[in-house]
Structure formats: structure tokens, C-alpha cells
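Visitor: Take this structure first; my questions come after.
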Amino acid sequence: MFYRRDSRKAVISRNACAASRGRPRFLVICLFATAAVFPSLLPAQTLAPPPGVKVVQLTPQPGYFTEPSIAINPRTPAEIVAAYQDNAHVAFSADGGTNWMTPSGIAPANYRVSGDVSIAYDHRGHAILCYMAFDKLGTFNYWAHGATRSGLFVRRSLDGGRTWEADHIPVIQHATEPGIPFEDKPYIAADNSAGPYAGNLYVGWTRWTLADSQILFSRSTDGGATWSAPLEISAHRGLPRDDNGAAEGFSGAVGPHGTLYVVWALRDQIVFRTSSDGGQTFSAERNILETAPIMFQVQNVARANGFPVIALDPGAGTRPERLYVAWSDYRHGGVDVFCSTSVDRGRTWSDAVRVNSDPIHNGADHFFHWLAVDPSDGSANAIFYDRRGDPSNRDSTVVLARSTDDGKSFINYAWTTKAFNPGGIFMGDYTGIAALGGKVYGVWTEKPPGPAASPGQHPGTVIKVGVADFR
163 MFYRRDSRKA VISRNACAAS RGRPRFLVIC LFATAAVFPS LLPAQTLAPP
213 PGVKVVQLTP QPGYFTEPSI AINPRTPAEI VAAYQDNAHV AFSADGGTNW
263 MTPSGIAPAN YRVSGDVSIA YDHRGHAILC YMAFDKLGTF NYWAHGATRS
313 GLFVRRSLDG GRTWEADHIP VIQHATEPGI PFEDKPYIAA DNSAGPYAGN
363 LYVGWTRWTL ADSQILFSRS TDGGATWSAP LEISAHRGLP RDDNGAAEGF
413 SGAVGPHGTL YVVWALRDQI VFRTSSDGGQ TFSAERNILE TAPIMFQVQN
463 VARANGFPVI ALDPGAGTRP ERLYVAWSDY RHGGVDVFCS TSVDRGRTWS
513 DAVRVNSDPI HNGADHFFHW LAVDPSDGSA NAIFYDRRGD PSNRDSTVVL
563 ARSTDDGKSF INYAWTTKAF NPGGIFMGDY TGIAALGGKV YGVWTEKPPG
613 PAASPGQHPG TVIKVGVADF R
């Protein structure tokens with residue numbers, strides 16, 4: 163999503179208190195309470211790097227780069243595509259993330275702004291990039307009020323990511339209307355199963371109107387060449403602003419038999435639906451997990467959220483199909499990453515497991531998570547920004563958290579060790595991660611060190627890719 167200056171933020175409260183009945187107990191509890199109020203009294207936790215760690219900077223110079231996405235070619239796992247905004251860039255690697263090239267001409271030439279990228283590979287090894295685009299005319303705020311063209315589009319690479327088709331393909335577009343409705347934050351998923359709908363592509367997103375927010379959905383059965391008319395899949399609509407209470411944060415995953423599972427956030431709940439007929443119809447809407455508010459304030463970041471992400475282990479042998487949902491909220495005061503699992507296709511869900519491994523109530527925030535399951539071994543892998551190493555809760559590193567026990571616990575690894583200070587800039591709304599064959603690839607935004615930007619100017623960010631090798 164793009165930053166709007168009037169974005170509201172939920173203020174995090176981190177109050178701590180203690181009471182006791184006897185003098186010895188009073189001493190112990192007061193020390194604990196003091197550490198809760200003054201987290202700098204707690205020792206910082208040091209994490210080991212993951213095996214085979216490697217970090218590559220994709221953007222040579224700082225720019226307005228945020229909201230990356232990454233995918234691995236299931237037919238040729240050495241091929242990886244990373245995408246990022248502003249204006250829909252991609253980077254391609256043919257050697258497992260060691261070297262990267264940046265194909266040109268990806269962003270639509272006849273729109274002024276494009277972004278909110280999401281990338282997937284289909285079962286043929288074609289890379290499909292989905293993004294929003296608009297003209298940003300007139301007096302602009304988040305919903306692009308004023309005369310403007312806008313829409314959601316895909317662009318395809320039929321050679322795994324090396325080159326890209328010249329024309330973008332509309333999923334939905336508004337050619338002449340004002341900026342309402344506004345289509346936002348698309349997410350693309352591919353059916354790479356052996357099921358009856360193999361090859362289908364699915365896109366879900368938020369539609370903003372002056373009255374509400376809705377989750378819309380479209381599917382393609384011809385490799386992304388054409389797309390179905392949008393279908394509203396949110397039985398309950400949200401508030402008409404990018405804040406707590408909105409319907410947003412669509413994410414989808416496809417099971418081994420072609421079942422599509424989707425989630426999004428609405429009023430401190432994670433909403434869940436399924437489709438067993440290739441995206442033509444959906445099951446009844448269900449609230450599966452209750453969260454604390456997932457729009458929140460993080461120091462030195464323009465805005466932050468904890469939108470849900472769904473991922474799936476297709477299972478193999480005695481390993482059952484397992485769904486994972488990850489999100490972030492501040493139920494413990496600081497922002498933490500959580501995960502819940504289901505082994506009955508979403509009918510029941512486990513209690514939330516805390517993904518970041520530092521002590522509760524230590525004053526450190528963990529935010530902008532993403533989640534991927536390696537289908538080869540069933541491991542769940544999460545990426546997020548982490549502040550456990552800074553007592554002031556301002557500087558961030560990037561952490562890889564990995565579960566090899568079906569989501570019951572997560573080992574945390576330091577993907578980066580040199581912290582950066584965002585300095586209050588817009589960092590986007592998400593990071594990205596992909597995993598296959600024991601290799602894990604993460605992608606994120608960093609603000610490099612340097613002088614502060616002039617008032618009203620963006621100081622510049624870079625995109626980095628991290629590699630971990632658990633083979």
C-alpha cells in the first residue's frame with residue numbers, strides 16, 4: 163500500500179504494575195515490573211545466523227523502494243524472482259540467489275504510479291507479477307480522490323523471469339472514473355497442485371469506497387491472459403479507511419488437491435474461506451482467530467500492520483496437510499509475531515504460538531512478518547523486522563524464524579546483524595519469503611546509513627535478499 167499522510171495509528175500501551183503481600187515477594191515482583199517499564203535493564207538476546215547465510219543488495223542506489231515479494235520457480239528451483247515498488251520493479255536470479263539481473267520495462271508506461279507488488283510462479287514455470295497502478299492526478303490522498311485512472315494488472319514472464327511481455331493485462335481497471343472505488347493491495351496465488359484446477363491463478367484485494375472496504379476476488383484459467391469479473395467474497399464489510407476495522411490483508415494458498423484457502427483481517431478477527439471448485443464459489447465466511455488490533459504504531463516507522471498470511475504444507479507420506487496462519491499484534495505490550503495451525507483444512511485451529519523467541523514484555527517490537535512453508539520438508543519459515551537488540555526499540559535487524567515441529571516452536575536466526583534506523587520513513591506494509599528444497603529466500607527493505615533527508619523528502623531505501631541453506 164502507499165503511504166497517506168493522514169494515516170491513523172493505534173497507540174500501544176505498555177504499562178506494567180506489581181503488587182505483593184510480603185516483603186521478599188515485593189522485592190522480586192518490583193524488579194520484574196521495573197524491567198517491564200525500563201526494558202533497557204533486560205539483557206539483549208544474540209541470535210546465530212542461519213546456515214549458508216548470504217545477503218545481496220538488489221538496488222545499487224537508494225530510492226523509494228518498499229513492499230517486496232519473492233517466489234521460487236517450482237520447475238527450476240535455481241530461478242528466483244523478487245519484485246518491489248515504487249513502480250513495479252523485478253530482479254531475477256538463475257543461480258539460486260548468488261547473482262541477479264534487473265529486467266527493464268516492467269512498470270506500465272502509461273500510468274504515473276504502480277506498486278503493491280505480488281509475485282508467483284505457475285505450474286509451467288511462468289512468473290506472474292501482479293500490481294496496482296494509478297495516475298495520481300488532482301488532490302491526492304490515500305484513496306486517490308479526484309479524476310484519475312486506476313486498476314490492478316498482471317505482467318507475465320514466459321521464460322521464468324528473464325524477460326517480460328510488453329503489455330500488462332488488466333484484472334480490473336477504471337479508465338475514466340474518479341478515484342472511487344480504489345483497488346488496493348492485490349495478492350496473487352497459483353494452483354501448482356495435481357488437482358483438477360492446476361494452472362489456475364487467483365488474485366484477491368481490498369476495494370475502498372467512501373462507505374466501506376470490501377474483499378474482492380478474480381481468477382484466471384488461461385495462465386493470466388484473461389480474468390473473471392470481480393467477485394466480492396467478504397460477507398461483512400469493513401470501515402472505509404486504512405486502519406483497524408477495515409477489511410484488508412488478503413492472502414491465499416492452494417492445497418494439494420486444488421482447494422483454495424484465503425484469509426484477511428476484519429475488526430480484530432482473521433476471516434477464513436475456502437473454494438473447492440477453482441475459485442467459482444466459496445464456503446461460508448468464518449472468523450477463525452481473534453487478534454489484538456493489527457494496525458499499530460512502531461517507533462521510527464511511518465505506519466505498521468500485522469495483516470494475516472496463510473501458507474500450506476501439502477504433506478507427504480505420514481505428514482498431513484497442514485495450514486499455517488501468521489499475524490502480528492501487541493497483546494503482550496510489544497508487537498509480536500504469532501502463528502496458528504490447522505490439520506483439518508481449517509475447521510479447527512491451534513492456540514497461537516509466539517514466533518519471535520525473545521522474552522515477553524521486553525519492550526521490543528517485531529513487525530512486517532511474512533510466512534512460507536517448504537513443501538519438500540514441511541518446515542515453516544517466517545521473516546520479520548526485529549528490535550530485541552536495541553534497548554531503545556528503534557533500530558531493526560531482520561530475523562528468520564524456522565519451525566521443524568509443525569509450528570509448535572520456532573528457532574530464530576539473525577539474517578542480518580547490523581541494525582538500521584528507519585528514521586520515521588514509510589517502510590511499506592510487508593516483507594517477503596519463499597522456501598523450497600531446504601533453501602529459504604527472504605526479501606526486505608532497509609534504510610542505509612547516511613544524513614537525514616530534508617523536510618518532506620524521502621531519504622532513500624534499498625531492497626535486500628537473504629539466503630539460508632538448510633540442506
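If you're matching positions, the sequence shown starts at 163 in my numbering and goes up one per residue. For each residue, glycine too, the CB sits at the ideal point set by N, CA and C. Since the structure is predicted, the reported quantities are computational estimates derived from the model, not experimental observations.
(1) Helix, strand or coil: how does DSSP classify THR301 here?
(2) Report all residues from its chain with a CB closer than 8 Å to the CB of TYR103; omit the five preceding and five following residues, and keep chain order.
(3) Based on Cα-Cα distance, which residue from ALA352, GLY361, SER390 and GLY407 lies nearest to SER375?
(4) Is the distance from the Cβ of PRO584 to the Cβ of ASN462 below 8 Å?
(5) With a threshold of 16 other CB atoms inside 10 Å of the CB of ARG185, please say whether the residue is buried or exposed.
(6) Could you tell me the distance, in whole angstroms, from the CA atom of SER355 to the CA atom of HIS419?
(7) Would you call the CB atoms of TRP511 and LEU451 closer than 8 Å?
(8) Could you tell me if GLN247 is buried or exposed, where buried requires 16 or more neighbouring beta carbons within 10 angstroms of its beta carbon?
(9) Just curious, the beta strand (DSSP E) that THR260 is in, first and last residue?
(10) Compare the beta carbon distance of ASN474 and GLY417 with 8 Å and say whether it is the shorter of the two.
(11) Which stretch, first to last residue, makes up the beta strand (DSSP E) that contains GLY225?
(12) Indicate the three-state DSSP secondary structure (helix, strand or coil) for SER266 in the structure shown.
(13) Ends of the beta strand (DSSP E) at TRP489?
(14) Can you have a look at ALA409 and say buried or exposed, based on whether 16 or more other CB atoms are within 10 angstroms of its CB?
(15) Tell me the DSSP secondary structure of ASN449 in three-state form.
(16) Does the distance from the CB of ALA544 to the CB of PHE500 come in under 8 Å?
(17) Got a sec? Which residues, its chain only, sit under 7 Å from ILE522 by beta carbon, not counting five neighbours each side?
(18) In whole angstroms, what separates the C-alpha of VAL275 from that of ASN518?
(19) Which same chain residues, not among the five before or five after ARG507, have their C-beta less than 6 Å away from its C-beta?
(20) Around the Cβ of VAL627, are there at least 16 other Cβ atoms within 10 angstroms (buried) or fewer (exposed)?
(21) Report buried or exposed for GLU394, applying the criterion of at least 16 other Cβ atoms within 10 angstroms of its Cβ.
(22) Rounded to whole angstroms, what is the Cα-Cα separation between ARG318 and VAL252?
(23) Tell me whether ASP384 is buried or exposed, calling it buried when 16 or more other Cβ atoms sit within 10 Å of its Cβ.
(24) Does the distance from the CB of TRP532 to the CB of THR623 come in under 8 Å?
(25) Whole angstroms is fine: what's the gap from ARG237's alpha carbon to TRP326's?
(26) Distance check for ARG369 and ARG311, CA to CA, integer angstroms please.
(27) Which two residues bound the contiguous beta strand (DSSP E) that contains VAL624?
(28) On the three-state DSSP scale, how would you describe GLY414?
(29) Measure the alpha-carbon distance for ILE268 versus GLY599 and round it to whole angstroms.
(30) Looking at the structure shown, is THR559 part of a helix, part of a strand, or coil, going by DSSP?
(31) Which value, in whole angstroms, describes the spacing of the CA atoms of ARG556 and ASN261?
(32) Distance, Cα to Cα, LEU378 vs LEU314?
(33) What are the boundary residues of the beta strand (DSSP E) that includes PHE572?
(34) On a CA-only basis, which of HIS398, ALA289 and PRO611 is nearest LEU428? Give me that one, please.
(35) Hey, out of PHE254, SER396, PHE434 and GLY479, whose CA is closest to VAL641's CA?
(36) Have a look at PHE444 and SER396 and give me their C-alpha separation to the nearest angstrom.
Guide: Taking the geometry as given:
(1) Note that THR301 has pLDDT 46, beneath the 50 cutoff, so the model's placement of it is unreliable and the number below is only indicative. Residue state, collapsed to three classes: coil.
(2) In the structure as shown, the chain starts at 163 and stops at 633, and residue 103 therefore has no counterpart that could be examined.
(3) GLY407
(4) yes
(5) Bear in mind that the predicted position of ARG185 carries a pLDDT of just 37, short of 50, making it too unreliable to give a figure here.
(6) 6 Å
(7) yes
(8) buried
(9) Element bounds for THR260: n/a, residue is neither H nor E.
(10) Strictly speaking, residue 474 in this sequence is Leu, with Asn absent from that position. Yes. Within cutoff.
(11) Careful: GLY225 lies outside any beta strand (DSSP E) and carries neither H nor E.
(12) coil
(13) 484-494
(14) buried
(15) strand
(16) no
(17) HIS494
(18) 35 Å
(19) none
(20) buried
(21) exposed
(22) 12 Å
(23) exposed
(24) no
(25) 18 Å
(26) 15 Å
(27) 624-631
(28) strand
(29) 29 Å
(30) strand
(31) 32 Å
(32) 12 Å
(33) That residue, PHE572, is in no beta strand (DSSP E); it is neither H nor E in DSSP.
(34) HIS398
(35) Here the chain has residues from 163 to 633 only, and residue 641 is not among them.
(36) 10 Å
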